[in-house]
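Scroll down for the structure; my scribbles are underneath it.
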Amino acid sequence: MAAALQVLPCLVRAPLRQLIWGAPMARLASGVALAEHAQQLFESAVGAVQPGPMLQKALSLDPDGRTLKVRDRSFQLRQNLYLVGFGKAVLGMAAAAEELLGQHLVQGVISVPKGIRAAMECAGKQEMLLKPHSRVQVFEGAENNLPDHDALRAALAIQQLAEGLTADDLLLVLISGGGSALLPAPIPPITLEEKQMLTKLLAAHGATIQELNTMRKALSQLKGGGLAQAAYPAQVVSLILSDVVGDPVEVIASGPTVASAHNVQDCLHILNRYGLRAALPRSVKTVLSRADSDPRGPHTCGHVLNVIMGSNMLALAEAQKQAEVLGYRAMVLSTAIQGDVKSVAQFYGLLARVAGARLISSTAGASVEEDAKLHELAAEFQLPDLKLEEVLEAVAEARGPVCLLAGGEPTVQLHGSGKGGRNQELALRVGAELGRWPLGPIDVLFLSGGTDGQDGPTEAAGAWVMPELTIQAAAEGLDVATFLDHNDSYTFFCRLQDGAHLLYTGPTGTNVMDTHLLFLRPQ
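According to UniProt numbering, the sequence shown is numbered sequentially starting from 1.
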């Protein structure tokens, strides 16, 4: 685990002993230990899904060097192998692929986040970098995870490579989170700016990533199976590092190698739901009306093999293992946490109270009403893999510290013009929830971090909190509610104890959504 990461800067900037001032010494020591353990578990989760090792598990060459094996499929190599890729983890994936494939690789084009090569070099992650005479051309773009003209140039280069392939060729497609922003190719006459405007409007109104991707696919030349169609009749193998709940290949990076199952009516339904149909540019209306009357109907992708090579589930499994090594009873609650960040924060606040009461067998802990509210919230999320009752029963049987793990991607509805990300906003909201009630003789810590190392347009991956957060903030003249009203969580955490609660990793080279850790330790 540690070797895979090599360089991960410290979780906090200030000494840990300064973080929980005002608490009794015993509680202070326990809080320090929890914070250190939170760092270790987050690092282990990220380390488990590094692109190089994941790719080497998915791909192998026969000893004769003429056959590429991908899971149970074999492909003949005869100077016919090409590579394209797009996403936050694709630089490391491409480096590992070229290392493995060597001279078999004829040409490649990848689209990666702006500044990622310099960041990896600065972090000393040479394994994430292509060799000086690489056959893979690198485009950097999509600053702050937003499509731009640099990413558009990359997408057009990828499209050009794909369209030049023949039936004798094999195209290896590397896909990871952030791929949608790095592969913008709007259908003419839609401009990049018009497509961006519509995407921003939808996101600001709380549209889910699934809804955003439905719209992106409908308006793109390459998404929704468009790249696979461009490469036809070549064989296509996609290796995917998933950053989407449930790992649906048609949603990750908007499914460029998966035929879209959505139609124009689905798009109109989404636009109506958020009251945006009247705001559509004329070009978007033109493309949607043209698609609705396309006599060819939806295309298929029978020449494509899609393989999920890494996911949030793998990251949490490794963190769970490390938690057990550290002496915790560790359980994965869900890998599919989604929904409005306010509701998710309320859920975690109630979970801490209900689970904490069961852990210390407190009759003065959570009430029957709170237990019922927790289950009600859980039902509203409609999470297919949620193990709430199983986890609560295990907590009640535990005789020591507990660590509950989860993953997913909550959504934030933007109301203010502050700076932050969903992980920092979730942590801040959970901190406020934890401070609402006395939790009894138990120490609690919650961490939320993005596995890509960048939470929104900030330098932080996320943040961690304890129940003392609101008191600490008030002592420094910081009003939690005001910062939340302005979606200004990054500014809040920068000011609170000189940024000590922020999670800094730098770019991790991977991306499998977010990691949530809830620690409960009896005093």
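The beta carbon of each residue, even a glycine, is placed where N, CA and C say it ideally should be.
Since the model is a prediction, treat every value here as computed from it, not as a measurement.
Exposure of T191, with buried meaning 16 or more beta-carbon neighbours within 10 Å
Indexing the sequence shown from 1 puts residue 191 at position 191. Of the residues assessed, T191 falls on the exposed side of the cut-off, its CB having fewer than 16 other CB atoms within 10 angstroms.
Throw me the rounded Cβ distance for the L405 and F42 pair, which I believe falls under 8 Å.
The count along the sequence shown starts at 1 and reaches residue 405 at position 405. The count along the sequence shown starts at 1 and reaches residue 42 at position 42. That belief does not hold up - the Cβ atoms of L405 and F42 are roughly 10 Å apart, past 8 Å.
- Distance, T505 Cα to M1 Cα: Reading the sequence shown from its first residue, position 1 is the one you call residue 1. Reading the sequence shown from its first residue, position 505 is the one you call residue 505. Reliability of the predicted coordinates at M1 is poor, the pLDDT of 36 falling under 50, and no value is obtained from them.
Query raised in the report: Unbroken alpha helix (DSSP H) runs of length 4 or more, entirely within the segment 243 to 308: which are they?
Result: Qualifying alpha helix (DSSP H) stretches, in chain order: 264 to 273, 282 to 292.
> Under the three-state reduction of DSSP, which class applies to L8: helix, strand or coil?
Replying inline: In the sequence shown, the residue the question calls residue 8 occupies position 8. With a pLDDT of 38 at L8, under the threshold of 50, the modelled position of this residue cannot be trusted; read the value that follows with caution. Here L8 sits in coil by DSSP.
Can we say the segment 175 to 187 touches the segment 247 to 265, given the rule of at least three CB pairs closer than 8 Å? Enough Cβ pairs lie closer than 8 Å, so yes.
Return the CA-CA distance between V354 and D371, expressed in angstroms with no decimal places.
Counting from 1 along the sequence shown, the entry for residue 354 is found at position 354. Counting from 1 along the sequence shown, the entry for residue 371 is found at position 371. Straight-line Cα distance between these residues: approximately 6 Å.
Report task. Tell me whether G108 sits in a helix, a strand or coil according to DSSP, three-state version. Result -> Counting from one through the sequence shown, the residue named residue 108 turns up at place 108. It is a strand residue.
### 6 Å CB neighbourhood of R329 in its chain, flanking five on each side removed
Reading the sequence shown from its first residue, position 329 is the one you call residue 329. Here the set comprises A398, V402.
Note down, in chain order, each residue of its chain lying with its Cβ closer than 7 Å to the Cβ of V70, except the 5 sequence neighbours on either side. Mapped onto the sequence shown, residue 70 falls at position 70. Cβ within range, chain order: A58, L59, V237, L305, V307.
Check your understanding: Is the segment 127 to 139 in contact with the segment 192 to 202, if contact means three or more CB pairs nearer than 8 Å?
Key -> no
Cα-Cα, which of K373, R495, E409, G327 is closest to K419? For the purposes of this step, residue 419 is taken as residue 419 along the sequence shown, with counting starting at 1. It is R495 whose Cα lies nearest to the Cα of K419.
Worksheet item: Is G449 helix, strand or coil by DSSP?
Response: Counted from its first residue, the sequence shown places residue 449 at position 449. It is a strand residue.
**Message:** Buried or exposed for E324, going by 16 or more other Cβ atoms inside 10 Å?
**Reply:** Here the question's residue 324 lines up with position 324 in the sequence shown. The residue in question, E324, is exposed, as its Cβ has fewer than 16 Cβ neighbours within 10 Å.
Notebook entry, point to check: How long is the line joining the alpha carbons of D266 and T286, rounded to whole angstroms?
Noted result: For the purposes of this step, residue 266 is identified with residue 266 of the sequence shown, where counting begins at 1. For the purposes of this step, residue 286 is identified with residue 286 of the sequence shown, where counting begins at 1. Computed Cα separation, rounded: 16 Å.
- Check whether the Cβ atoms of L241 and M309 lie closer than 9 Å to each other. Numbered from 1 along the sequence shown, position 241 holds the residue referred to as residue 241. Numbered from 1 along the sequence shown, position 309 holds the residue referred to as residue 309. Cβ distance < 9 Å, so L241 and M309 count as in contact.
*asked:* I'd like the list of long-range same chain contacts for L414, defined as Cβ closer than 6 Å, with 5 residues on each side in sequence excluded.
replied: What you label residue 414 is simply residue 414 of the sequence shown in a count that begins at 1. Answer for L414: A204, N487, listed in chain order.
Where does R78 fall in DSSP's three states? As a first step, residue 78 must be located in the sequence shown, where it is residue number 78. Secondary structure at R78: coil, using DSSP grouped into helix, strand and coil.
Express the C-alpha separation of L426 and Y274 in angstroms, rounding to a whole number. Within the sequence shown, residue 274 is the residue found at index 274, counting from 1. Within the sequence shown, residue 426 is the residue found at index 426, counting from 1. Spanning the two alpha carbons is a distance of roughly 23 Å.
| query | Per DSSP, C403 forms a beta bridge with which residues? | reply | Looking up residue 403 in the sequence shown gives position 403. In DSSP, C403 forms a bridge with A330, F519.
query: Does the beta-carbon distance from T300 to H262 come in below 9 Å?
result: The residue labelled residue 300 in the question sits at position 300 within the sequence shown. The residue labelled residue 262 in the question sits at position 262 within the sequence shown. Not in contact: T300 and H262 (Cβ atoms no closer than 9 Å).
* Cβ contact (3+ pairs, closer than 8 Å) linking the segment 375 to 394 and the segment 430 to 439 -> Touching, no, given that fewer than three Cβ pairs across the two stretches are closer than 8 Å.
**Message:** Which runs of the alpha helix (DSSP H) at least 4 residues long sit entirely within the UniProt domain "MOFRL" (402 to 514)? Give them in chain order.
**Reply:** 422 to 434, 469 to 475, 480 to 485, 489 to 495
Quiz item: Relative to the C-alpha of H303, which residue among V173, D243, A352, D514 is closest?
Solution: Residue numbering aside, residue 303 sits at position 303 when the sequence shown is read from its first letter. Here the closest residue by C-alpha is V173.
ask   = Can you tell me whether A357 is buried or exposed, with buried defined as 16 or more other CB within 10 angstroms of its CB?
value = Here the question's residue 357 lines up with position 357 in the sequence shown. The residue is buried, with at least 16 neighbouring Cβ atoms inside 10 Å.
**Item:** C-beta contact flag for V444 and L517 at 9 Å
**Value:** Reading the sequence shown from its first residue, position 444 is the one you call residue 444. Reading the sequence shown from its first residue, position 517 is the one you call residue 517. No, the pair does not count as a contact, with Cβ atoms beyond the cut-off.
Open item on the list: Pull the bridge partners of K69 from the DSSP assignment, please.
Closed with: Counting from 1 along the sequence shown, the entry for residue 69 is found at position 69. Paired residue(s): S60, S74.
Margin query: Since T67 and L77 should fall inside the 8 Å C-beta cutoff, what is the C-beta to C-beta distance between them, to a whole number of angstroms?
Written below: Residue 67 sits at position 67 when you count from the first residue of the sequence shown. Residue 77 sits at position 77 when you count from the first residue of the sequence shown. Yes, they are in contact, since the Cβ atoms of T67 and L77 sit about 7 Å apart, within 8 Å.
Check: Relative to the C-alpha of I360, which residue among Q346, L439, P53 is closest?
Finding: Mapped onto the sequence shown, residue 360 falls at position 360. Among Q346, L439, P53, the Cα nearest to that of I360 is on L439.
Query - Candidates Q40, A33, V46, A38: closest to S311 by CA position - result: For the purposes of this step, residue 311 is taken as residue 311 along the sequence shown, with counting starting at 1. Cα-wise, what sits closest to S311 is V46.
Can you give me the C-alpha to C-alpha distance between A4 and Q50, rounded to a whole angstrom?
Position 4 of the sequence shown, counted from the start, is the residue given in the question as residue 4. Position 50 of the sequence shown, counted from the start, is the residue given in the question as residue 50. Residue confidence for A4 is low, a pLDDT of 36 falling below 50, so the modelled location carries little weight; the figure read from the coordinates is stated next. Whole-angstrom Cα-Cα distance: 7 Å.
Quiz item: Are the segment 130 to 143 and the segment 107 to 117 in contact at 8 Å, needing three or more beta carbon pairs?
Solution: Here the segment 130 to 143 lies against the segment 107 to 117, with 3 or more beta-carbon pairs under 8 Å apart.
Q) If you follow the alpha helix (DSSP H) that Q235 is part of, which residue opens it and which one closes it? A) As a working mapping, residue 235 is identified with position 235 in the sequence shown. Counting along the chain, Q235 falls outside any alpha helix (DSSP H), though it belongs to the beta strand (DSSP E) covering 235 to 241.
Under the three-state reduction of DSSP, which class applies to V391: helix, strand or coil? For the purposes of this step, residue 391 is taken as residue 391 along the sequence shown, with counting starting at 1. Note: V391 maps to helix in three-state DSSP.
**Prompt:** From the DSSP output, which residues share a beta bridge with I175?
**Reply:** Numbered from its first residue, the sequence shown carries residue 175 at position 175. DSSP lists F86, I240 as the beta-bridge partner residues of I175.
For L165, the nearest candidate out of S134, P248, Q79, M54 (CA to CA): Start at 1 with the first residue of the sequence shown, and residue 165 comes out as number 165. When each option's Cα is compared against that of L165, the closest is Q79.
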